Amino acid sequence: VNITVSSEGGNATSPHQYGFLHEDINYSGDGGLYAELINNRAFQGSAVYPVTLAHWYPINGAALSLQNLSEPLSTALPISMNVAAGKANSSVDSCNQSKTIIGFYNDGYFGMDVKIKKYTGSFWVKGGYDGVFEASLQSNITGEVFGSTTVKSMSTSLEWIEHQFELTPEKDAPNSNNTFAITFDAGGIEDNSLDFNLISLFPPTYKGRKNGIRVDLAEVLEEFHPTLFRFPGGNMLEGLTKNTWWDWKNTIGPLKDRPEFDGVWGYPQTNGLGLMEYLYLAEDMGMEPIVAVYGGMALDGSVTPQDELQYFIDDALNEIEFIRGPATSKWGSVRASLGHSEPFKLQYVEVGNEDWLAGGAEGWATYMKYRFPMFLEAISTAYPDIEVISSGSVFDNYTIPEPGAGDYHIYGTPDSMVEQYDLFDNVTIPHIIGEAAAVHPNGGTDWDGGLMEYPWWGGAIGEAVSLIGYERNANKIIGACYAPIIRSLDSWAWASTMVQFAADPALTTKSTSWYIWELFAGHLMTHTLTSTADFIPLYYVTGKNEDTGAYIFKGAVYNSTNEADIPVSLSFDGVEAGTEAELTILTGPENPYGYNDPFTGVNVVKTTKEKVVASEDGVFEFSLPNMSFSVLNTGSS
Ligand code: AHR
Numbered sequence: 001v002n003i004t005v006s007s008e009g010g011n012a013t014s015p016h017q018y019g020f021l022h023e024d025i026n027y028s029g030d031g032g033l034y035a036e037l038i039n040n041r042a043f044q045g046s047a048v049y050p051v052t053l054a055h056w057y058p059i060n061g062a063a064l065s066l067q068n069l070s071e072p073l074s075t076a077l078p079i080s081m082n083v084a085a086g087k088a089n090s091s092v093d094s095c096n097q098s099k100t101i102i103g104f105y106n107d108g109y110f111g112m113d114v115k116i117k118k119y120t121g122s123f124w125v126k127g128g129y130d131g132v133f134e135a136s137l138q139s140n141i142t143g144e145v146f147g148s149t150t151v152k153s154m155s156t157s158l159e160w161i162e163h164q165f166e167l168t169p170e171k172d173a174p175n176s177n178n179t180f181a182i183t184f185d186a187g188g189i190e191d192n193s194l195d196f197n198l199i200s201l202f203p204p205t206y207k208g209r210k211n212g213i214r215v216d217l218a219e220v221l222e223e224f225h226p227t228l229f230r231f232p233g234g235n236m237l238e239g240l241t242k243n244t245w246w247d248w249k250n251t252i253g254p255l256k257d258r259p260e261f262d263g264v265w266g267y268p269q270t271n272g273l274g275l276m277e278y279l280y281l282a283e284d285m286g287m288e289p290i291v292a293v294y295g296g297m298a299l300d301g302s303v304t305p306q307d308e309l310q311y312f313i314d315d316a317l318n319e320i321e322f323i324r325g326p327a328t329s330k331w332g333s334v335r336a337s338l339g340h341s342e343p344f345k346l347q348y349v350e351v352g353n354e355d356w357l358a359g360g361a362e363g364w365a366t367y368m369k370y371r372f373p374m375f376l377e378a379i380s381t382a383y384p385d386i387e388v389i390s391s392g393s394v395f396d397n398y399t400i401p402e403p404g405a406g407d408y409h410i411y412g413t414p415d416s417m418v419e420q421y422d423l424f425d426n427v428t429i430p431h432i433i434g435e436a437a438a439v440h441p442n443g444g445t446d447w448d449g450g451l452m453e454y455p456w457w458g459g460a461i462g463e464a465v466s467l468i469g470y471e472r473n474a475n476k477i478i479g480a481c482y483a484p485i486i487r488s489l490d491s492w493a494w495a496s497t498m499v500q501f502a503a504d505p506a507l508t509t510k511s512t513s514w515y516i517w518e519l520f521a522g523h524l525m526t527h528t529l530t531s532t533a534d535f536i537p538l539y540y541v542t543g544k545n546e547d548t549g550a551y552i553f554k555g556a557v558y559n560s561t562n563e564a565d566i567p568v569s570l571s572f573d574g575v576e577a578g579t580e581a582e583l584t585i586l587t588g589p590e591n592p593y594g595y596n597d598p599f600t601g602v603n604v605v606k607t608t609k610e611k612v613v614a615s616e617d618g619v620f621e622f623s624l625p626n627m628s629f630s631v632l633n634t635g636s637s
């Protein structure tokens, strides 16, 4: 293939081309990115997820019961756990004093990682107690204690008191089957029992943020150089019913004031990973946020009538003011009071999520007729610089009103991902690719057959071709988000995710797709350059990064019928003889269904790097294997 790249033509590309969608699915929020180790920390429940003592177990025969006290910790957290001596046994300590040590333990989100590092904990107690609490981390198998600390009681029957502590284990636990316990001497209690609520334990977090993000998961995401971050959904934004949409106001401020959220993916959520936490993550990782605001339709298909929609429009405007309003504004001052006086960056606001889906044709009709136009008008008037994004695309039979943008989602087979390469060639309206991933095998049963359990090499190459297509059109494509981004290996609703994890960080796994997206995101162009040559089976995009001066080629070979590698002669107008470039080639296993296995640690992705020098005619000569993705860059990445 002879590719001659012109120094003219092409188009400017978006500076934030690659990122991800995060919503709480697959325990990717609570139990995942959100570093909280205690599962069911505040006995939060609803009609959908009844209040339960799940994950809490008594120590020494203590009687644990749920209480709805007349003086609860807060209106957001009305239920607490009462702990009484029950059938506890007494013992005599080294000073010959009789003690009745009782308590409870929690087994975490499918275990807890315990290492020699500083854990930070807290719990609220009500009830008179003269003595100390002991907080400890131990094996759920052998009972071995890895570390403990004592916390002097300040507890009284008059009010709820928060107790805080730090705990550094003396040794690493050999596995993640561990628990966190609190014990105390029942002999020191005034009135037979104590009430506990909001029992929390955090390991060190990403960038050291309080109430923050799990370090290894943040790092594995950061390493793929994401610059775009869409949240809080996905379906999570819409909520199960019109009364249970993701209300951002319930996700800010002290944890004791954050009520339960009826998670849409099969488990209740704490709202601990809230709007501020998402914004800090975007800021800390250098990602451009795309904040989705509730668009007046829930997953059960219920739609807000036009004459009631203003409430949600006002709410969205308040949310935007909270995020980027000055600290002197009503909602900006709330943000400032929470520790961020400077406005956060916000250029993109999406209205709803997949409104063409949950409500069927009728729900979609209401979106096109009044819901999106009303939000668009209100947000664009108040914030003319914000790009307001519709939750559907021009491919959903929607003539998106100006100045709106669209959102296109693709969960496909490798073949259908390949068809993306020219999909946007004739589109004029800007779009995000809000969710994208190869999830079904070619020739399979599509959605009826379920999803592939892990991203696989053939799928990842299909994704590479789709990303080439989006990058070729990067003047209209604001950016592409992989979705959903991570999943717990212990419980999930959606199998194919870029990263898999468990409580044990050793199982955190970069999938085949991670390697593809990382290579794209690590070599950003500032504009594309036009080139000559047909596409199939080598799909490619060429361009330049004006900031580094580098010329860049990205190419994927998909289903070549030739056994031999494809010889490529590539010349850029302006690149002289002797210019050096680095060529990175990703190849996979012979079996296109090969995947990176978290349990065996097998990584099927092979990365080779070679130096290529432009010939006397200024031509780079190299060859590319079938089912590969490559980047040639004349500068540093
Ligand atoms: O990413 C998983 C789900 O797929 C999202 O919640 C939804 O937007 C899409 O249908």
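Counted the way mature numbering (1 follows the signal peptide of the UniProt record, and there is no 0) counts, the sequence shown spans residues 1 to 637.
We put the CB at the ideal spot given by N, CA and C, even for glycine.
Computed from a predicted structure; not experimentally measured.
Proximal residues to residue i (C-beta, below 6 angstroms), its chain only, five neighbours per side dropped
i, result
"residue 119", "167, 201 and 203"
"residue 37", "108, 112 and 201"
"residue 538", "1, 555, 557 and 566"
"residue 141", "177"
"residue 271", "250, 251, 258 and 261"
"residue 518", "224"
"residue 244", "262"
Closest residue to residue i among the options (Cα-Cα distance)
i, options, result
"residue 277", "252, 87, 262 and 265", "252"
"residue 249", "335, 230 and 520", "335"
"residue 189", "99, 218 and 59", "99"
"residue 287", "307, 479, 353 and 504", "479"
"residue 74", "580, 396, 357 and 126", "126"
"residue 527", "576, 470, 515 and 559", "470"
"residue 206", "284, 279 and 192", "284"
"residue 506", "375, 460, 602 and 198", "602"
"residue 5", "600, 614, 573 and 599", "573"
"residue 414", "407, 513 and 365", "513"
"residue 182", "256, 60, 77 and 95", "60"
"residue 174", "535, 584, 551 and 504", "504"
"residue 578", "246, 618, 102 and 49", "618"
"residue 327", "316, 315, 343 and 314", "343"
"residue 586", "616, 615, 613 and 625", "625"
"residue 365", "213, 463, 399 and 562", "399"
In DSSP terms, what residue i is bridged to
i, result
"residue 422", "Its beta-bridge partners do not exist; DSSP assigns none."
"residue 292", "350"
"residue 639", "Since the first residue shown for the chain is 1 and the last is 637, residue 639 is missing from the structure and cannot be characterised."
"residue 149", "135"
"residue 384", "Its beta-bridge partners do not exist; DSSP assigns none."
"residue 184", "102 and 133"
DSSP three-state assignment for residue i, whether helix, strand or coil
i, result
"residue 21", "strand"
"residue 323", "helix"
"residue 236", "helix"
"residue 478", "strand"
"residue 277", "helix"
"residue 332", "helix"
"residue 248", "helix"
"residue 230", "strand"
"residue 43", "coil"
"residue 497", "coil"
"residue 310", "helix"
"residue 369", "helix"
"residue 66", "strand"
"residue 514", "helix"
"residue 77", "coil"
"residue 160", "coil"
"residue 598", "coil"
"residue 297", "strand"
"residue 397", "coil"
Nonlocal neighbours in the same chain, by C-beta distance under 7 angstroms from residue i, ignoring five residues either side
i, result
"residue 144", "138"
"residue 331", "318, 321, 322 and 325"
"residue 312", "294, 296 and 304"
"residue 163", "122, 123, 125, 133, 151 and 154"
"residue 594", "456, 457, 588 and 604"
"residue 41", "198, 199, 200 and 270"
"residue 7", "529, 573 and 574"
"residue 239", "245, 246, 262, 264, 298 and 299"
Cβ-based neighbour list, residue i, same chain, cut-off 8 angstroms, excluding 5 preceding and 5 following
i, result
"residue 540", "3, 468, 531, 533, 553, 554, 555 and 556"
Inset, instruction - Specify which residues have a beta carbon nearer than 7 angstroms to any heavy atom of the ligand AHR, listing them in chain order. - result: 21, 23, 25, 233, 234, 235, 236, 353, 354, 357, 409, 411, 435, 483, 484 and 494
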